[in-house]
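I have placed the structure first, in the form of structure tokens, so that the comments after it can refer back to it.
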Amino acid sequence: MDILHLIDRLEELFNQSKPFPLTRNVMVDEDKMLDIIDQMRIAIPEEVKKAQQIITQKERFLAQAQEEASRIVEIAHQKADELVHRDMIVVEAQRRAEQIVSQARADADATRRDADDYVLDALNHLQNELEKLTNQVRNGIRAVEEDQARRAPATPPATEN
């Protein structure tokens, strides 16, 4: 289940809870609350899996970029070899081949930087979302604990005989 949906359900549970008179406190159904928290614990690893998929996607993208760069470099070398064999344009062939290789390397570097930026943005976003979720879960736990503490019967002081 999507973690954001679980947060919505948790918020809905609080909004539907019965208020205590003259306080800002509410009575929350403990079973429902714990069920949602358990589902959140299950969903968070799913969010981590999504992050791992993004990293895998980045690695695949980089591998493809490297293959493309190698292919372009190989083509550049082949073209350079063809041009070198022509007597009239030997110098031009070397210059052009170097230019193609340089451009291929620059393109591969730019692709790597773009992929790194994309993954970094996605992971930062995921980290922010996970921090928000953690804070919301902590606040929910604290609210339930405070509610339980208020509902606990006060024990009278022991009398001496």
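First residue of the sequence shown? That's 27 in the numbering used here, and the numbers climb one at a time after it. Glycine included, every Cβ here is placed at the ideal spot set by N, Cα and C. Bear in mind that the values here come from a model prediction, so they are computed numbers and not experimental data.
- Cα atoms of Asp57 and Leu39: separation of roughly 11 Å, rounded to the nearest angstrom.
- Our two residues, Arg176 and Leu48, have alpha carbons roughly 14 Å apart in a direct line.
- The C-alpha of Asp143 is placed about 16 Å away from the C-alpha of Gln79.
- The residue from Phe87, Ala169, Glu171 and His151 with its alpha-carbon nearest to that of Val74 is His151.
- Counting the other CB atoms within 10 Å of its CB gives Met53 a total below 16, which places it among the exposed residues.
- A Cβ-Cβ contact shorter than 8 Å links Leu32 with Ala69.
- Pairing Ile29 with Met66 gives a Cβ-Cβ distance under 8 Å.
- Shown here, Pro71 sits in a helix according to DSSP, grouped into three states.
- Annotation for Arg138: Leu88 and Ala91 place their beta carbon closer than 8 Å to its own, counting only its chain and skipping 5 residues before and after.
- Here Asp135 is not near Asn51, since their CB atoms are 8 Å or more apart.
- Here the C-alpha atom of Ala130 lies approximately 48 Å from the C-alpha atom of Asp34.
- Ranked by Cα distance from Glu171, the first of Ala123, Glu118, Lys158 and Asp55 is Asp55.
- For Leu32, the enclosing alpha helix (DSSP H) begins and ends at Ile29 to Gln42.
- With contacts defined by Cβ atoms closer than 8 Å, Gln120 and Ala102 do not form a contacting pair.
- Here Met53 is bridged, per DSSP, to Lys44.
- Contact check for Val145 against Val127 fails: the beta carbons are separated by 8 Å or more.
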